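Since the structure comes first, as structure tokens, the remarks are kept for the end.
Protein chains: 2
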Amino acid sequence: MVSLKDIAKQAGVSVCAVSLVLNGKYKNRVSDTTAEHIRETAASLHYEPNMLARTLKTNKSHTLGFVTDEIITTPFAVRIMLGAQEAARKLGYILISMNTNNDKSLERQEIATLKRYHADGFLYAFMYHRVVDVPSALRSMPTVVVDAEDANHDLPSIYPDEFGIGYDATNRLIKAGCRRIAYFGSESGIIAQPQRLAGYRKALHDAGMNDDPQLIVRATEHQNADERAVDLLKVAAPDGVFCFNDVRASSIYAAANELGMTIGKDISIVSVDNLPNITDALRPGLTTIELPHYEMGFEAVCQLVAMIEQRDKPDIKPDQMFRSSFDTDDTFTTMHGSIIERDSVQHAAHGNE
Amino acid sequence: MVSLKDIAKQAGVSVCAVSLVLNGKYKNRVSDTTAEHIRETAASLHYEPNMLARTLKTNKSHTLGFVTDEIITTPFAVRIMLGAQEAARKLGYILISMNTNNDKSLERQEIATLKRYHADGFLYAFMYHRVVDVPSALRSMPTVVVDAEDANHDLPSIYPDEFGIGYDATNRLIKAGCRRIAYFGSESGIIAQPQRLAGYRKALHDAGMNDDPQLIVRATEHQNADERAVDLLKVAAPDGVFCFNDVRASSIYAAANELGMTIGKDISIVSVDNLPNITDALRPGLTTIELPHYEMGFEAVCQLVAMIEQRDKPDIKPDQMFRSSFDTDDTFTTMHGSIIERDSVQHAAHGNE
DNA sequence: CTGAAAGCGCTTACAG
DNA sequence: CTGAAAGCGCTTACAG
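Chains as they are written, first to last, in the numbering used here: chain A, 9 to 361; chain B, 9 to 361.
Here it is as structure tokens:
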């Protein structure tokens, strides 16, 4: 490794002159000609600054801890990390990620490790939208909560606009001409469930339609979803179904098949997630709303770096197009999803809008 | 942050005594009683060592760079990272991962960043098994190639035993009593394709069956797989199909449905990948072979740390059960997959064996 | 405009 | 058995 000292010796100047020039702080301190000379020597020696030495002195590591429950075991939520990585790179930070696997004692240990490595701040991220207690070890540090809401309503939190998702999905079906729209929801206490349902209701009411209790069915993902889907289609005879997620949509597909109904013709379906492997497996293609994971990760790092550096939120854009929009108040940021059009909706209009 | 100096002052000893004791190197250098006293003061002050300062001095960062093409955008391959993280944690290392997104210039930049942060070694990992040119910036460092083979046949490389997978899958169908077993493969040049095919052929021959060219069909994942699946079932009339992967299996499912065949009865299916979202969506459940991603990541870190510390491969085991077995020679390690039994095979035996 | 010096928190010969 | 000192590579007052 070539060090400042090597450059100083080679260029015939002092170490501090080199440091100043390479950090661009040499105005009125080093002449332009020596500055140029120093820059050339550094380049010719292929100098790379040693981040660790710098951190030791400045107490800023340009390292972000990414602590997550089991995000990286979950296909779609991984995109939070991708978005966070991209923003970090653009802002001169690196990300160190740790999986807690929902083990609180492992979590404590990992946060301690991250602190030993001098992380400047933390992302506390989750596999799906929920309300969380943030560990006290994180409260003393700059921290942003991702795909979750801080129970104390204190730390900045970024999560999807579930109401908007329910509203948009239902409207998509209304626009397709559906008159009896069902909601095939989740039975678990997951926060998205009541909020998407509320969005569904609002869309129906705005369109002057009643919400028939028969049309609202909740199911458990892996246990009774298939049967309940059949029941729903038989008993309530909907012409459109807003599904809580793609996995439940696959139950509706199976039910429609069983009952001899043609999807996209006899019945229209819109769901949430856009899981590649489900949408690959379903025929016809499933129209679904993608959650803004990538965008949440990106936005979270922007907010976090603003906290760390105590400056305004950096104005950077991801290379990958933002598909979602924002709603920001002081601490909580909600983000819309974006609809991916395929063929499960009658007369489906193609393209996003 | 409390430092060695703080402890030394509080305990009334020198900084070096504290360092020695806390690193367990104090035999014949510090008395047991002062050692104990030092340990107590350190604990009471909640001392956490500063890794950066240590690294600066020792030139060992206990940090591993994890450079990957787009692994973390891909559901299943993410498990490489999980396995690597677990092994790293057990060995006192942390992982810094970077996604190159297959952009060579980004890759160079990221490797440079990782070196600035003083990574002790590198994992060079891929989304699916292939032969790769390892960048020269990595050749000068301890590096292990994961889910890929170093084209120079020089760096340690860890990848799945594709032949064994084809052999096992086909044998599973033979065991179920299938007599006309098809192979529904990939049209791409992917390395797994010919190797799994070879395993399939070997299994057939070992069972005294011929490989009928009609029974071997290759297809492109998203373009013609559905049609070719129908053709295969119609023309060759197999009673069992070994599918290259779960996505192709879903095409066979669709074809069987279309032709009125009952899966698990008229026709048995075994594939590769065990993608949760596909297997969730398919009825009946798909019997499939899971690739040893977790295990490859774990093993890779073990080999890498052995190189870095110039010692024998550490003897650690993952918390999560190893489901796969190893085959190691000097530089190349192949790993078997493990079959996940569901209901797509006639008379399916349950449980792993 | 430039250099010498101190110090970030550690480890490790070296001298007693 | 113990301490004083040097040094890892950097940054930043301070003095000229």
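Virtual Cβ for every residue (Gly too), placed ideally from N, Cα, C. Values in this document were obtained by computation on a predicted structure and should not be read as measured data.
If you draw a straight line from the C-alpha of residue i to the C-alpha of residue j, how long is it?
i, j, result
"A/Ile-79", "B/Ala-184", "38 Å"
"A/Val-249", "B/Ser-144", "54 Å"
"A/Val-26", "B/Val-154", "40 Å"
"A/Asn-110", "A/Met-135", "10 Å"
"A/Val-75", "A/Ala-156", "13 Å"
"A/Cys-251", "A/Ala-237", "10 Å"
"B/Leu-99", "A/Ala-244", "58 Å"
"B/Val-10", "A/Lys-13", "30 Å"
"A/Met-343", "A/Asp-281", "14 Å"
"A/Met-89", "B/Tyr-34", "43 Å"
"A/Ser-352", "A/Leu-267", "16 Å"
"B/Thr-41", "A/Thr-108", "38 Å"
"A/Ala-61", "A/Pro-164", "31 Å"
"A/His-45", "B/Leu-103", "38 Å"
"B/Arg-47", "B/Val-29", "7 Å"
"A/Glu-235", "A/Thr-228", "10 Å"
"B/Ala-85", "B/Gly-193", "20 Å"
"B/Asp-158", "B/Lys-123", "21 Å"
"B/Glu-303", "A/Gly-207", "43 Å"
"B/Lys-112", "A/Met-217", "54 Å"
With the cut-off set at 9 Å, would you say residue i and residue j are in Cβ contact?
i, j, result
"A/Gln-318", "A/Val-152", "no"
"B/His-137", "B/Tyr-175", "no"
"A/Gly-345", "A/Glu-94", "no"
"B/Val-255", "B/Asp-239", "no"
"A/Ala-133", "A/Ala-314", "no"
"B/Glu-298", "B/Ile-348", "yes"
"A/Leu-212", "A/Ile-182", "yes"
"A/Cys-186", "A/Ser-276", "yes"
"B/Asp-162", "B/Thr-339", "yes"
"B/Thr-295", "B/Arg-350", "yes"
Cutting at 6 Å between CB atoms, please list the residues of its own chain near residue i, excluding the five before and the five after it.
i, result
"A/Tyr-101", "His-70 and Leu-72"
"B/Ile-316", "Asp-128, Gly-129 and Pro-150"
"A/Glu-170", "Ala-200, Gln-203 and Arg-204"
"A/Glu-115", "Thr-108"
"A/Met-106", "Val-75 and Glu-118"
"A/Arg-37", "Leu-28"
"A/Thr-287", "Leu-294"
Would you say residue i lies against chain B (beta-carbon separation less than 9 Å)?
i, result
"A/Thr-71", "yes"
"A/Met-106", "yes"
"A/Pro-143", "no"
"A/Val-86", "yes"
"A/Tyr-136", "no"
"A/Ser-258", "yes"
"A/Arg-236", "no"
"A/Lys-123", "yes"
"A/Asn-265", "yes"
"A/Glu-56", "yes"
"A/Leu-269", "A quick correction: the sequence has Met, not Leu, at residue 269 of chain A. Not closer than 9 Å to any Cβ of chain B, the Cβ of A/Met-269 fails to qualify, so no."
"A/Thr-228", "no"
Tell me the residue span of the alpha helix (DSSP H) that contains residue i.
i, result
"B/Val-255", "254-266"
"B/Ser-27", "23-30"
"B/Glu-2", "Because residue 2 of chain B is not part of the residues shown, which for chain B are 9 to 361, the question remains open."
"A/Glu-195", "It is not in any alpha helix (DSSP H) - A/Glu-195 carries neither H nor E in the DSSP assignment."
"B/Arg-291", "Note, B/Arg-291: premise wrong, no alpha helix (DSSP H); not H, not E."
Closest Cβ-Cβ distance between residue i and chain A: below 9 Å?
i, result
"B/Pro-300", "no"
"B/Met-217", "no"
"B/Asn-285", "yes"
"B/Thr-76", "no"
"B/Ile-102", "yes"
"B/Pro-221", "no"
"B/Asn-110", "no"
"B/Asp-14", "no"
"B/Gln-93", "yes"
"B/Glu-118", "yes"
Residue i lies in the beta strand (DSSP E); which residues open and close that run?
i, result
"A/Pro-168", "165-168"
"B/Thr-342", "340-343"
"B/Asn-160", "It is not in any beta strand (DSSP E) - B/Asn-160 carries neither H nor E in the DSSP assignment."
"A/Ala-51", "Careful: A/Ala-51 lies outside any beta strand (DSSP E), inside the alpha helix (DSSP H) at 40-52."
Looking only at its own chain, which residues have a Cβ that is under 8 Å from the Cβ of residue i, when we skip the five neighbours before and after it?
i, result
"A/Ala-120", "Ala-145"
Once you ignore the five residues that flank residue i on each side, which residues in its own chain have a CB closer than 7 Å to its CB?
i, result
"B/Ala-264", "Leu-241, Ile-271 and Ile-275"
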